[in-house]
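>
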Amino acid sequence: MNITRFSYADPSKDISPPETAIQRAEKRKWLYATDDPVACAAIAEKLGESCRRGKTISYAELGRNISFRLSKISDGQKYVIDIQNGSRISLVDQQILDEFLCFLSLQSVKGASILASANVIDPANLRSAPNGFFETARILGYMQADNARIPGRPVDRNAEMKNLMFWQSELQKVYAWFKAH
């Protein structure tokens with residue numbers, strides 16, 4: 613398992629990601645996100661609704677009642693995310709949703725300079741932002757990966773706090789944008 617940490621971008625500064633990161637993301641080979649535009653639109657709608665309410669949404673709630681047709685998962689046949697115990701999803705299903713969220717965040721960065729995926733949480737890990745958000749921020753150029761969290765070494769609590777502050781700042785930007793539009 614590859615565990616990485618992310619460097620912090622100061623939320624008090626109005627920064628934009630390097631254009632090259634956005635260009636790389638646009639050229640990215642998406643496994644799922646471009647495979648099912650209907651599911652992508654349904655996820656975007658649920659994400660937008662929760663943002664307009666100023667409420668986070670869990671991965672399970674985001675994926676609930678969405679039928680995917682993904683050539684790489686079910687040969688284009690209907691695929692529904694398995695929600696376990698009413699609130700948990702599998703790692704594979706979370707990875708599918710994370711890719712859709714990264715794709716939608718690419719669109720939201722280009723159109724509104726916000727990381728829309730900041731609104732999605734993992735209720736099992738409420739003490740920190742979901743790793744999918746940080747991966748999206750890295751892909752889109754808002755953060756750089758570093759290897760500060762190495763198995764067997766102490767966790768850098770200062771870096772964790774900065775990452776949490778970055779996530780909270782982005783979440784507030786998302787809510788402000790949806791409130792204004």
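Number 793 marks the last residue of the sequence shown (our numbering); no jumps. Glycine residues also receive a C-beta, built at the ideal position from the N, C-alpha and C atoms. Please read these numbers as outputs of a predicted model, since none were measured by experiment.
What's the call for Ala788, buried or exposed, on a 16-neighbour Cβ count within 10 Å?
It is exposed - the Cβ of Ala788 has fewer than 16 other Cβ atoms within 10 Å.
> Arg681 to Glu711, Cα distance in whole Å?
Cα to Cα, the separation comes out at about 15 angstroms.
> Going by DSSP, what residue range makes up the beta strand (DSSP E) through Lys690?
Where Lys690 is concerned, the enclosing beta strand (DSSP E) stretches over 690–692.
> Starting from the Cα of Phe790, find the closest Cα among Ala771, Gln696, Lys658, Tyr671 and give me that residue.
Closest by alpha carbon: Lys658.
> DSSP puts Gln696 in a beta bridge; with which residues?
BP columns for Gln696 point to Arg700.
> Around the C-beta of Met755, are 16 or more other C-beta atoms found within 10 angstroms, so that it is buried, or is it exposed?
Answer is buried; the Cβ neighbour count reaches 16.
> Locate the alpha helix (DSSP H) running through Arg664, then write down its first and last residues.
Segment 649–665, the alpha helix (DSSP H) holding Arg664.
> State the Cα-Cα distance for the pair Lys667 and Gly660, rounded to the nearest angstrom.
Roughly 10 angstroms separates the two Cα atoms.
> Can you tell me which of Ala792, Arg769, Asp648 puts its alpha carbon nearest to the alpha carbon of Ile685?
Out of Ala792, Arg769, Asp648, Asp648 has the C-alpha closest to the C-alpha of Ile685.
> Can you list, in chain order, the residues of its chain whose CB lies under 8 angstroms from that of Thr632, leaving out five sequence neighbours each side?
Here the set comprises Gly753.
> By how many angstroms is the C-alpha of Leu716 removed from the C-alpha of Thr748?
Cα to Cα, the separation comes out at about 10 angstroms.
> Between which two residues does the beta strand (DSSP E) holding Arg681 run?
Segment 679–681, the beta strand (DSSP E) holding Arg681.
> Would DSSP call Ile726 helix, strand or coil?
The answer is coil: DSSP assigns Ile726 none of H, G, I, E or B.
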